[in-house]
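In the numbering used here, the protein residues as written are 1 to 123.
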C-alpha cells in the first residue's frame with residue numbers, strides 16, 4: 001500500500017494473495033507438504049483495520065495472565081468469578097480477574113522457568 005497507494009482493490013487483493021503464497025511456501029510448505037496455500041491472506045483484514053493490530057500482543061498477554069490464574073483455581077468457579085464483575089473498564093476487569101494490571105511479567109516468569117528447565121536438560 002505504501003509503495004503503490006494508487007492500487008485498485010483487485011490489485012491489492014492479488015498482492016495480498018501473492019504475499020500469502022510466498023510466505024506460506026517459504027515457511028509452512030516444508031512442514032505441511034502443501035504449496036501455494038492462500039490461508040495466510042485471511043489476515044488481510046489487518047490492512048483495513050490496522051489500528052487494532054497492537055491489540056493482538058496485548059490480548060496474548062492478557063490471555064496468558066488469565067490462563068495462569070485458571071490453572072491455580074477451580075476452573076468453573078474462577079471463570080464465573082471473572083465474568084461476574086459486570087460493566088467495568090478493562091483495567092478494573094484485569095485487576096479483578098488476575099489481581100494485577102496487564103503485565104508481561106507472567107510471560108517473563110514462565111520464560112525464565114522454561115529456560116532454566118532447558119539448560120538442565122543434558123545434550
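For each residue, glycine too, the CB sits at the ideal point set by N, CA and C.
As the structure is a prediction and not an experimental result, all values here were calculated from the model.
Compute the distance between the beta-carbons of residue 21 and residue 3, then report whether it is under 8 Å. Mapped onto the chain shown, residue 21 falls at position 21. Mapped onto the chain shown, residue 3 falls at position 3. One thing to note: residue 21 has its Cβ no nearer than 8 Å to the Cβ of residue 3.
Quick one: grab the DSSP three-state call for residue 88. Taking the first residue of the chain shown as 1, we reach residue 88 at position 88. Reduced to three states, the DSSP call for residue 88 is coil.
First through last residue of the alpha helix (DSSP H) which encompasses residue 65: What you label residue 65 is simply residue 65 of the chain shown in a count that begins at 1. Taken as a continuous stretch (DSSP letters only), the alpha helix (DSSP H) holding residue 65 covers 53-70.
Is it true that the region 45-60 meets the region 24-35, where meeting means three or more beta-carbon pairs spaced less than 8 Å apart? No contact exists between the region 45-60 and the region 24-35.
CA-CA distance, residue 8 and residue 85? As a working mapping, residue 8 is identified with position 8 in the chain shown. As a working mapping, residue 85 is identified with position 85 in the chain shown. CA-to-CA, the gap between residue 8 and residue 85 works out to about 46 Å.
Quick one: what does DSSP say residue 35 is sitting in, helix, strand or coil? As a first step, residue 35 must be located in the chain shown, where it is residue number 35. Looking at residue 35 - three-state DSSP - the assignment turns out to be coil, as it is neither helix nor strand.
Reducing DSSP to helix, strand and coil, say where residue 114 ends up. Locating residue 114 in the chain shown gives position 114, counting from the first residue. Note: residue 114 maps to helix in three-state DSSP.
Report buried or exposed for residue 47, applying the criterion of at least 16 other Cβ atoms within 10 angstroms of its Cβ. Along the chain shown, one-based indexing puts residue 47 at 47. It is exposed - the Cβ of residue 47 has fewer than 16 other Cβ atoms within 10 Å.
Residue 15 to residue 52, Cα distance in whole Å? For the purposes of this step, residue 15 is identified with residue 15 of the chain shown, where counting begins at 1. For the purposes of this step, residue 52 is identified with residue 52 of the chain shown, where counting begins at 1. Distance between residue 15 and residue 52, taken at the CA atoms: about 22 Å.
What does the Cβ neighbour count give for residue 42, buried or exposed, with the cut at 16 atoms within 10 Å? Position 42 of the chain shown, counted from the start, is the residue given in the question as residue 42. Of the other Cβ atoms in all chains shown, fewer than 16 fall within 10 Å of the Cβ of residue 42; this residue is therefore exposed.
Return the chain-ordered list of same chain residues with a C-beta closer than 6 Å to the C-beta of residue 36, the five sequence neighbours on each side being excluded. The sequence position of residue 36 within the chain shown is 36, counting from 1. These residues qualify, in order along the chain: 21.
Whole-number beta carbon distance between residue 120 and residue 98, since they are thought to touch under 8 Å: The residue labelled residue 98 in the question sits at position 98 within the chain shown. The residue labelled residue 120 in the question sits at position 120 within the chain shown. No, residue 98 and residue 120 are not in contact; Cβ-Cβ is about 29 Å, not under 8 Å.
For the alpha helix (DSSP H) containing residue 75, list its first residue and its last residue. Translated into the one-based positions of the chain shown, residue 75 becomes position 75. Counting along the chain, the alpha helix (DSSP H) containing residue 75 begins and ends at 75-83.
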